[in-house]
Every structure is written in structure tokens, then in C-alpha cells.
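Numbering (the working numbering), first residue to last: 156 to 294. From the three backbone atoms N, C-alpha and C, an ideal C-beta is built for every residue, glycine too. Single-structure report; data block below.
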């Protein structure tokens, strides 16, 4: 069921399903407290600030989005298939795009705090940041 995701409020005993307003396949989801981000295959993300009751749609034309990582309650990073990183400090009302040393799909990204992080691309290239993802260098 494209565009649908499951929600539980009782630790998985009962589930309800809701459509967030897309027919696209949903590929990634991450929550931090009441804030959540869903990624769809059509280069769209959906952001909620109320535990998934309402969703705001944001389109990123021509970017193949892969994963989402929260650095804080309002700061998040999206990884893309072309080695780019999208960072927002206000839940994607505004954002910046950073170029990494990779030119291919970023398979994993992890931050140990809000400024230090590492990424791994599909070819095994590792890069690190010490400024919250604004700049990246090979490891």
C-alpha cells in the first residue's frame, strides 16, 4: 500500500494505518520525540511535529533521497544517492545542500553529536565531518 504507514500508541498491540497524501512508496522513516520525517521514492519528504497526526509535504526535485538522521529536536540530515547531504536546522523550512567526497549513493550516515559525523557510500568510501555536515573529508 503505497503512501500508507502504520502507527501504534500501545507498543505495537494495535495498529492504525494512514495515508499521508501520496501514492509513492515510502522508503525511510525516523522519529525523535514528537518529530518525524518520512521519505518517499519520488524525492519528497513528509514532516510531522505532532506524533504523525499531521504531515507537511516538501519536494526535493531531482534528488534521490535515501535516509534521515536527527542531530537534535529540530536539526536533521538527509542523505542522497548522488553523494549529497541536505541539512536543515528548522525541520526543512530552510535547508542547505552539502557536497561530500562521494559521487554515489550514501549507504550509511551517523553522527556522534551535533557536529561530528561519518558516512559510508556504496563503494566503501568513508568521509567525516567536524562541523555538522557542512564540509566532509575522506577518512
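- Item | Whole-angstrom C-beta distance between residue 223 and residue 185, which should lie under 8 Å | 4 Å
- Report yes if the C-beta distance between residue 256 and residue 275 is below 8 Å; otherwise report no. no
- Sort 179, 203, 232 by Cα distance to residue 261 and report the nearest one. 232
- Message: Below 8 Å on the Cβ atoms is my contact criterion, and I expect residue 162 with residue 207 to pass it. Report the Cβ-Cβ distance as a whole number of Å.
- Response: 5 Å
- Query: Between which two residues does the beta strand (DSSP E) carrying residue 271 extend?
  - Reply: It is not in any beta strand (DSSP E) - residue 271 carries neither H nor E in the DSSP assignment.
- Write down the C-beta distance between residue 210 and residue 264 rounded to the nearest angstrom, noting that I regard them as a contact closer than 8 Å. Actually they are not in contact, since the Cβ atoms of residue 210 and residue 264 sit about 23 Å apart, beyond 8 Å.
- Buried or exposed: which applies to residue 242, given that a residue is buried once 16 or more other Cβ atoms fall within 10 Å of its Cβ? buried
- Task: Have a look at 216, 205, 238, 286 and flag the residue whose alpha-carbon is nearest the alpha-carbon of residue 228.
- Result: 205
- Item | DSSP state of residue 277 mapped onto helix, strand, coil | coil
- Pull up the DSSP beta-bridge partners for residue 266, would you. 272
- Query: According to the Cβ coordinates, are residue 200 and residue 220 closer than 8 Å?
  - Reply: yes
- Beta-carbon proximity list for residue 216, same chain, < 8 Å, skipping 5 on both sides: 198
- Out of 244, 218, 251, 246, which has the shortest C-alpha to C-alpha gap to residue 235? 218
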